[in-house]
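For the sequence shown, the numbering used here begins at 66 and goes up steadily by one.
The beta-carbon is built from N, C-alpha and C at its ideal position, and this holds for glycine as well.
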Amino acid sequence: MDAPLTKSNALGAFLRDRRCRLDAAAFGLSMARRRTPGLRREEVAQRANVSVTWYTWLEQGRGGNPSAEVLDRIAGALTLTAVEREHLFLIGLGRPPEVRYHGSDPITPRLQRLLDTLALSPAIVRTATWDVVAWNRAAAAVLADYGKLPPDQRNILRMMFCDPRVRAKQRDWDSVARFVVASFRIDAARAGADAEVTALVEELSQSSPDFAAMWRDSHVQSHGDGVKQLLHPQLGPITLEYSSFAVDGRADLSLIVYNPATPADRKLIEALIEALPV
């Protein structure tokens, strides 16, 4: 009769499964006298700097409650992916691990193709520190031509507080800027990007008294969805409805899609995009 599925049993089963999936040769270990695939328990225990007995008990569902530090070492020993590490913490501690911000790797071609399918909906992908790392043709036409900007100038906060053209496009710049700062604060905190935020905040506080004052307010607000009103230099006033989405498996990335709020806005954007050079 199978043992009841408890938290300890689920943890043990997950550890055994991942250990048996590993290639011992990839770790420079001898393949001689191995009766089963994967690493041995003592090899995982040594890599994680825990006792073999305790690790064995953990796989058997009787090792007690491991600490976050120990789970982190085991995750490293088993070379778990970010998703696997999160699952390990959820079944071992009942909560996800503390976030780690590693900066943003390039987006996948598949994600870029998704952006490109949104012909009349400006869409961007931004990092936890609000650097725009991908966009579609509609975004370049309606929001900003990010491709003509140096990578370090594609930061939404730098653009909002340091670029007069971006400021002029906002119908109510003060309200929009406060919303941006409040949303940025919570996004960066969620991603654990403390070091990166500190450098950016210091830079903007020196270059923009408006930013410095708004940052001192310590206001937080989720970006979520809402309405964005722009004073476009070619289209005039336009209204966009926006929604933000997490990119699965990438805690550092968010996808924001802006849809024309009315048929009239849609026609204006369509005419603008059709007039662009191919």
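task: Use the C-beta contact count for ARG219: other C-beta atoms within 10 angstroms, 16 or more gives buried, fewer gives exposed.
output: buried
- request: Taking only the alpha-carbon atoms, compute the straight-line gap between ASP82 and ILE156 and give it to the nearest angstrom.
  value: 14 Å
Unbroken alpha helix (DSSP H) run spanning TRP195, endpoints: Taken as a continuous stretch (DSSP letters only), TRP195 belongs to no alpha helix (DSSP H), as it is neither H nor E.
- request: Would you mind reading off the limits of the alpha helix (DSSP H) that contains PHE154?
  value: 147-158
query: Alpha carbon to alpha carbon, how far is SER132 from HIS152?
result: 15 Å
task: Output the boundary residues of the alpha helix (DSSP H) element that contains PHE92.
output: No alpha helix (DSSP H) holds PHE92; DSSP gives it neither H nor E.
query: Just curious, the alpha helix (DSSP H) that SER270 is in, first and last residue?
result: 259-272
Status (buried if at least 16 other CB within 10 Å, exposed otherwise) for PRO229: exposed
query: Going along the chain, which residues of its own chain have a beta-carbon closer than 8 Å to the beta-carbon of PHE79, five neighbours each way excluded?
result: HIS152, LEU153, ILE156
- request: Please confirm whether PRO174 and VAL322 have their CB atoms less than 9 Å apart.
  value: no
Identity of the residue in ALA316, ALA326, SER95 nearest ARG255 by Cα: ALA316
message: If contact is defined by three or more beta carbon pairs under 8 Å, each pair taking one atom from either stretch, is the stretch 197-205 in contact with the stretch 284-296?
response: no
task: Inspect the CB distances between the stretch 137-151 and the stretch 281-288 and report whether three or more fall short of 8 Å.
output: no
Under 9 Å between C-beta atoms of ARG99 and ALA89: yes
query: Rounded to whole angstroms, how far is the Cβ of ILE303 from the Cβ of LEU185, which I believe are closer than 8 Å?
result: Between LEU185 and ILE303 the Cβ distance is about 12 Å, and since that is not below 8 Å, they are no contact.
- request: Please classify GLY128: does DSSP put it in a helix, a strand, or coil?
  value: coil
message: Going by DSSP, what residue range makes up the alpha helix (DSSP H) through ARG232?
response: 229-233
- request: Whole angstroms is fine: what's the gap from CYS227's alpha carbon to GLU268's?
  value: 11 Å
- prompt: Name the DSSP bridge partner or partners of GLU306?
  reply: VAL292, ASN324
- request: Could you check what DSSP says for VAL312 in three-state terms: helix, strand or coil?
  value: strand
task: Could you tell me which residues DSSP pairs with TRP200 in its beta bridges?
output: ILE189
task: Measure the CB-CB distance between GLY126 and LEU158 and report whether it falls below 9 Å.
output: no
query: Could you give the distance in angstroms between the alpha-carbon of HIS297 and the alpha-carbon of ASP313?
result: 32 Å
message: Using DSSP's beta-bridge definition, name the partner residues of ASN220.
response: ASP196
- prompt: Whose C-beta lies closer than 7 Å to the C-beta of TRP119 among residues of the same chain, with five residues either side of it excluded?
  reply: GLY128
task: Work out the CA separation of THR194 and LEU318 for me, nearest whole Å.
output: 9 Å
task: Return the CA-CA distance between GLU108 and SER116, expressed in angstroms with no decimal places.
output: 10 Å
Distance, ARG112 Cα to THR327 Cα: 59 Å
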